[in-house]
Structures are given as structure tokens and as C-alpha cells.
Amino acid sequence: MQAAQVIVLAVPVFLALIGLEWWWGRRRGFDTYRLNDALASLSLGVINQVLPLLLRVGVYTWVWQHAALTRLPADAWWVWLAALIGYDFCYYWLHRAGHRVAIFWAAHAVHHQSEEYNLSTALRQTGSGWLLGWLFYLPMAVLGVPPLVFGTVALIDLLYQFWVHTRQIGRLGGFDRWFCSPSNHRVHYAVNDRYLDHNYGGILMVWDRLFGTFIDEDDAEPIVYGTRTPLASWDPLHANLVVYRERWALMRHARGWREQLAVWLAPPDWKPAAAPPSPPFVLARAAYDPPVSRLRQGAAVALFGVVLLAAAQWLWIAHTLAPLAMWSGAVAILAATWGVGRLLTPPARSSA
Numbered sequence: 001m002q003a004a005q006v007i008v009l010a011v012p013v014f015l016a017l018i019g020l021e022w023w024w025g026r027r028r029g030f031d032t033y034r035l036n037d038a039l040a041s042l043s044l045g046v047i048n049q050v051l052p053l054l055l056r057v058g059v060y061t062w063v064w065q066h067a068a069l070t071r072l073p074a075d076a077w078w079v080w081l082a083a084l085i086g087y088d089f090c091y092y093w094l095h096r097a098g099h100r101v102a103i104f105w106a107a108h109a110v111h112h113q114s115e116e117y118n119l120s121t122a123l124r125q126t127g128s129g130w131l132l133g134w135l136f137y138l139p140m141a142v143l144g145v146p147p148l149v150f151g152t153v154a155l156i157d158l159l160y161q162f163w164v165h166t167r168q169i170g171r172l173g174g175f176d177r178w179f180c181s182p183s184n185h186r187v188h189y190a191v192n193d194r195y196l197d198h199n200y201g202g203i204l205m206v207w208d209r210l211f212g213t214f215i216d217e218d219d220a221e222p223i224v225y226g227t228r229t230p231l232a233s234w235d236p237l238h239a240n241l242v243v244y245r246e247r248w249a250l251m252r253h254a255r256g257w258r259e260q261l262a263v264w265l266a267p268p269d270w271k272p273a274a275a276p277p278s279p280p281f282v283l284a285r286a287a288y289d290p291p292v293s294r295l296r297q298g299a300a301v302a303l304f305g306v307v308l309l310a311a312a313q314w315l316w317i318a319h320t321l322a323p324l325a326m327w328s329g330a331v332a333i334l335a336a337t338w339g340v341g342r343l344l345t346p347p348a349r350s351s352a
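Here the sequence shown is numbered in UniProt numbering, starting from 1 and rising by one per residue.
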């Protein structure tokens with residue numbers, strides 16, 4: 001079974017748990033959902049699944065076939081356990097680079113743009129992370145982890161992280177100390193100075209404790225979610241491109257090749273000396289929540305339903321499609337996700 005097919009089978013479970021979280025939050029007077037935000041996050045999740053399938057390269061398999069120092073047995077339990085731990089270790093460093101290296105942040109920022117934190121946020125994923133993210137996993141191929149084992153543990157690591165995206169579960173005692181938990185991952189999403197750039201682990205918090213990036217959630221300082229420069233848009237295509245555009249704009253102010261390189265490889269808050277200063281960061285800010293009519297909301301829900309069904313069908317059969325059919329379907333799906341964002345955005349008023 002293809003990895004994309006596993007995700008398709010998991011979608012009903014994801015949606016059921018999202019519905020359960022929404023119901024539970026409403027029941028206890030702590031609703032963490034907004035329709036516009038949730039639909040935007042889910043639309044980005046669709047894009048995340050569609051784009052990588054268009055340009056499948058199979059770098060991991062090629063490296064394993066041609067550069068592996070050994071070939072580990074896929075039927076040994078210890079290989080699976082070691083691969084899962086090794087994958088989580090590699091993920092930690094990719095995730096850390098995603099916050100501390102500008103070109104990786106340009107991809108990863110999508111996952112943090114929501115100003116809410118709930119299970120729909122877990123599905124808000126980048127459409128471009130696959131372009132460079134594979135670099136961090138090549139050591140596993142060189143060490144001989146079979147592609148089947150690698151792909152499976154990657155899926156396990158990804159699916160594990162779904163449940164930690166919630167504000168409905170509090171502290172979990174000793175579990176919080178060693179594993180990624182809702183409390184630990186909430187900290188990771190914060191824009192507060194105290195919490196910024198901590199808790200990168202996917203399953204294990206061991207890596208954060210070893211490398212000095214762990215911090216506990218503090219009830220005395222409530223977490224503020226989002227990015228330091230708010231996205232203020234429901235357009236999923238803009239969400240995927242906005243940081244790349246910002247970095248490219250900084251290139252005009254870069255003097256010499258060192259600054260040009262630093263635009264992409266320095267921390268995300270770095271700017272060339274000649275660039276205008278950033279506006280001051282404001283922690284206490286209103287969430288982006290423009291009102292639209294119930295008609296537009298209903299149309300957005302209906303269109304997203306069509307998108308979801310079409311994407312599920314496309315993902316299920318993508319590996320069998322001819323290039324023209326594959327690309328045509330993908331373009332239609334991407335255009336429809338853009339349409340969902342447009343419906344959630346108030347129409348521009350004429351100045352006449």
C-alpha cells in the first residue's frame with residue numbers, strides 16, 4: 001500500500017477526532033475552533049499531500065541502493081526500533097533547522113501560521129518541505145535502513161504527532177518529561193519570547209533535553225500562537241509562498257555574496273544591514289478573523305468537501321496515472337483550495 005493511501009484511510013479518523021475535540025471544547029466552554037481557520041489549515045493539509053507526489057524522485061532509495069555501508073534486515077525487530085529512534089533524531093535536527101535556518105523556515109512557517117491550536121492545526125503542513133527535508137534523512141540510507149522500514153517509521157512519527165496538537169489535554173506528569181505531549185508541543189508553537197524556538201522533538205523529548213532546547217509550559221505565561229509576522233490571509237497558496245517572497249525581497253538589500261547567502265542560511269530574523277527595520281513585535285494582538293456571510297461560509301464548506309473527496313480519489317490512484325492526468329487533477333485540486341480561501345475572505349469593496 002502506498003503511503004498516500006494510508007493517509008487517505010486515516011482522514012476519516014482525523015476528521016472524527018477533530019469533531020470530537022470541537023464538541024468537547026464547546027461542552028466545557030473552551031472552544032478552540034474557528035471555521036475559517038480550520039478550513040484554511042485543512043486546505044493546506046491537502047496541498048501538502050498533493051505536491052510531493054507530482055515530483056517523486058526517490059532519493060532515499062537511490063542512496064540506499066548505491067551508497068549504503070551495509071544492508072540491515074527488514075525482518076529484525078531491532079532494526080525497526082533503531083530506525084524509529086534514528087528517524088526521530090533526524091527529525092529533531094530538521095525541525096530545529098526549520099526554525100533557525102531561513103530557507104527551511106520558509107517551508108516550515110506554514111505549519112505555524114494559524115493563530116489557533118487544535119487538531120486541525122496538526123494537518124496544516126507545508127507544501128514545499130519535501131524539497132530539502134530529505135537531506136536530513138540520508139544518514140539512515142547510508143547506514144542501511146531499508147526504504148520500507150524508513151517509510152513506515154516516517155509515517156509512524158508523523159501520525160504520532162497528530163494528537164499532541166490540542167489545548168483540551170493538560171499536563172501528563174512523567175510522560176511530559178520524556179515524550180512529545182500536548183503541553184510540550186504547545187510550547188513549541190508559542191511566539192512568546194520565553195518559549196520561542198524550543199521543544200522540537202517529534203516523539204521523544206530526549207533530544208531537546210540533550211541539546212538544550214527543552215522548556216516547560218508555564219501557566220503564569222499563557223501561550224500566544226501564530227507567527228511573529230501574522231499571515232492575515234486564508235489563501236493557501238500565499239501561505240506557502242509568503243516567506244520565500246519576503247526572503248527574495250531581502251536579496252535586493254544584500255551587499256555581496258556573503259549577505260546574499262545569509263538571506264537564506266542565517267536565522268529567520270536576520271536582515272542585511274541595508275534592509276529597513278522590521279516593525280516592532282506585539283504579543284497582545286487580535287487574531288485575524290474577518291467576517292463573511294453565512295452564504296460564503298456554507299459555500300466554503302461545500303467546496304472544501306468537494307476538494308477533500310477529489311483529493312482522496314486522486315491520492316489513491318496517483319501512482320497509476322499518466323503524467324497529464326496526474327498534473328491536471330493536481331492543478332484542479334490546488335485551484336479549488338485557493339477558491340476555499342477566497343470564499344472565506346470578505347469581497348473587496350469598490351471605491352466608486
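Every residue gets a Cβ at the ideal spot worked out from N, C-alpha and C, and that includes glycine.
Spatial distance of residue i from residue j (CA atoms)
{"i": "H111", "j": "L231", "result": "11 Å"}
{"i": "E115", "j": "L324", "result": "38 Å"}
{"i": "Q125", "j": "A239", "result": "10 Å"}
{"i": "P268", "j": "Q260", "result": "13 Å"}
{"i": "A352", "j": "P279", "result": "Reliability of the predicted coordinates at A352 is poor, the pLDDT of 45 falling under 50, and no value is obtained from them."}
{"i": "A335", "j": "T229", "result": "26 Å"}
{"i": "H95", "j": "F136", "result": "10 Å"}
{"i": "L20", "j": "S120", "result": "12 Å"}
{"i": "A97", "j": "H198", "result": "12 Å"}
{"i": "N192", "j": "V164", "result": "19 Å"}
{"i": "V307", "j": "I333", "result": "6 Å"}
{"i": "A3", "j": "A275", "result": "43 Å"}
{"i": "P182", "j": "H188", "result": "10 Å"}
{"i": "G298", "j": "L15", "result": "18 Å"}
{"i": "G256", "j": "F162", "result": "43 Å"}
{"i": "W338", "j": "V149", "result": "36 Å"}
{"i": "Y200", "j": "L158", "result": "13 Å"}
{"i": "M251", "j": "L53", "result": "31 Å"}
{"i": "T32", "j": "A68", "result": "47 Å"}
{"i": "L9", "j": "G173", "result": "32 Å"}
{"i": "C90", "j": "T213", "result": "15 Å"}
{"i": "I85", "j": "G29", "result": "39 Å"}
{"i": "S350", "j": "V224", "result": "Confidence at S350 is low in this model, with a pLDDT of 49, below 50, so its placement is unreliable and no value can be given for it."}
{"i": "R167", "j": "P347", "result": "32 Å"}
{"i": "A302", "j": "P290", "result": "19 Å"}
{"i": "W270", "j": "T320", "result": "45 Å"}
{"i": "I156", "j": "D88", "result": "10 Å"}
{"i": "S128", "j": "L51", "result": "8 Å"}
{"i": "L315", "j": "E221", "result": "42 Å"}
{"i": "Q113", "j": "V63", "result": "34 Å"}
{"i": "I215", "j": "V206", "result": "12 Å"}
{"i": "L81", "j": "C180", "result": "17 Å"}
{"i": "G202", "j": "R186", "result": "13 Å"}
{"i": "L139", "j": "D235", "result": "Correcting the residue type first, residue 139 is Pro in the shown sequence and not Leu. In a straight line, the C-alpha of P139 is about 36 Å away from that of D235."}
{"i": "W264", "j": "L237", "result": "21 Å"}
Reference residue i, options the options, closest by Cα
{"i": "T227", "options": "V8, L172, H108, L42", "result": "H108"}
{"i": "T345", "options": "E116, I47, L295, A3", "result": "L295"}
{"i": "A254", "options": "G86, S120, Y137, P272", "result": "P272"}
{"i": "L132", "options": "F104, N118, V153", "result": "F104"}
{"i": "N118", "options": "R34, D219, N192", "result": "R34"}
{"i": "residue 353", "options": "I156, D218, P146, I18", "result": "One cannot answer for residue 353 here, as it falls past the ends of the chain, which runs 1 to 352."}
{"i": "T61", "options": "L39, G144, D31, L237", "result": "G144"}
{"i": "D219", "options": "T213, Y195, V242", "result": "Y195"}
{"i": "W93", "options": "L155, R167, L204", "result": "L204"}
{"i": "H66", "options": "A141, F30, W130", "result": "A141"}
{"i": "G329", "options": "I47, W22, F30, V13", "result": "I47"}
{"i": "V153", "options": "G129, R209, R26, V6", "result": "V6"}
{"i": "E217", "options": "R171, W207, L39, R209", "result": "R171"}
{"i": "L343", "options": "V331, Q313, S233", "result": "S233"}
{"i": "A102", "options": "A310, A287, R247, G341", "result": "R247"}
{"i": "H99", "options": "V11, V243, A249", "result": "V243"}
{"i": "L39", "options": "A300, P139, A249, R177", "result": "A300"}
Start and end residues, alpha helix (DSSP H) containing residue i
{"i": "G29", "result": "Taken as a continuous stretch (DSSP letters only), G29 belongs to no alpha helix (DSSP H), as it is neither H nor E."}
{"i": "I333", "result": "323-344"}
{"i": "P146", "result": "Run containing P146: none; DSSP gives neither H nor E here."}
{"i": "E259", "result": "256-265"}
{"i": "L315", "result": "294-317"}
{"i": "residue 355", "result": "Because the chain in this structure spans residues 1 to 352, residue 355 falls outside the shown range and cannot be described."}
Which residues DSSP lists as bridging residue i, in chain order
{"i": "Y225", "result": "A190"}
{"i": "F179", "result": "L204"}
Residue-level contact to chain C via CB, residue i, 8 Å cutoff
{"i": "W178", "result": "Here chain C cannot be found, since the structure has a single protein chain."}
Segments assigned alpha helix (DSSP H), at least 4 residues, entirely inside the stretch 52-78: 59-67
Sequence ranges, alpha helix (DSSP H) only - wholly within the stretch 105-140, length at least 4: When DSSP assignments are scanned along the stretch 105-140, the uninterrupted stretches of alpha helix (DSSP H) that are 4 or more residues long and fall wholly within it turn out to be 119-122, 130-133.
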